[in-house]
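A short write-up of the structure that comes next.
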Amino acid sequence: MLIAGIIFVLLMITLAIGSYFAAYHAINYAAPTDRTRPVLLIYLFSVGLLLIAELIIFFLLDWNNLLTT
Numbered sequence: 006m007l008i009a010g011i012i013f014v015l016l017m018i019t020l021a022i023g024s025y026f027a028a029y030h031a032i033n034y035a036a037p038t039d040r041t042r043p044v045l046l047i048y049l050f051s052v053g054l055l056l057i058a059e060l061i062i063f064f065l066l067d068w069n070n071l072l073t074t
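For what it's worth, our numbering labels the leading residue of the sequence shown as 6, then goes sequentially.
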């Protein structure tokens, strides 16, 4: 269970970083203006919040399993 949880967290981190860079390049190459910068920051903030929420949920739900395995 611990190994599966670690793999899940690493996959979520990889997905968050990859989607951020995809959005960054799409916004910068499509319309590199100052109007698109807040969109990128909002996207990064939402992905960061999602990642933090997943980590919190993972550790809250599996804390007993992490300690006993």
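Note that the Cβ used here is the ideal one computed from N, Cα and C, for glycine as well.
From the options, pick the residue whose C-alpha is nearest to that of residue i; which is it?
i      : options                : result
Leu-55 : Tyr-29, Leu-16, Ala-21 : Ala-21
Ala-28 : Ala-9, Leu-46, Leu-16  : Leu-46
Leu-16 : His-30, Glu-59, Arg-42 : Glu-59
Can the beta-carbon of residue i be found less than 8 Å from the beta-carbon of residue j?
i      : j      : result
Val-44 : Ile-61 : no
Tyr-25 : Leu-49 : yes
Ala-63 : Gly-10 : The question names Ala, but residue 63 is Phe in the sequence shown. For Phe-63 and Gly-10, yes; Cβs fall inside 8 Å.
Please report the straight-line C-alpha distance between residue i and residue j, rounded to a whole angstrom.
i      : j      : result
Ile-57 : Ser-51 : 10 Å
Phe-13 : Gly-53 : 16 Å
His-30 : Ile-18 : 18 Å
What are the start and end residues of each continuous alpha helix (DSSP H) run of 4 or more residues lying completely inside the stretch 15-70, in chain order?
Taking only runs of at least 4 residues, no alpha helix (DSSP H) segment lies wholly in the stretch 15-70.
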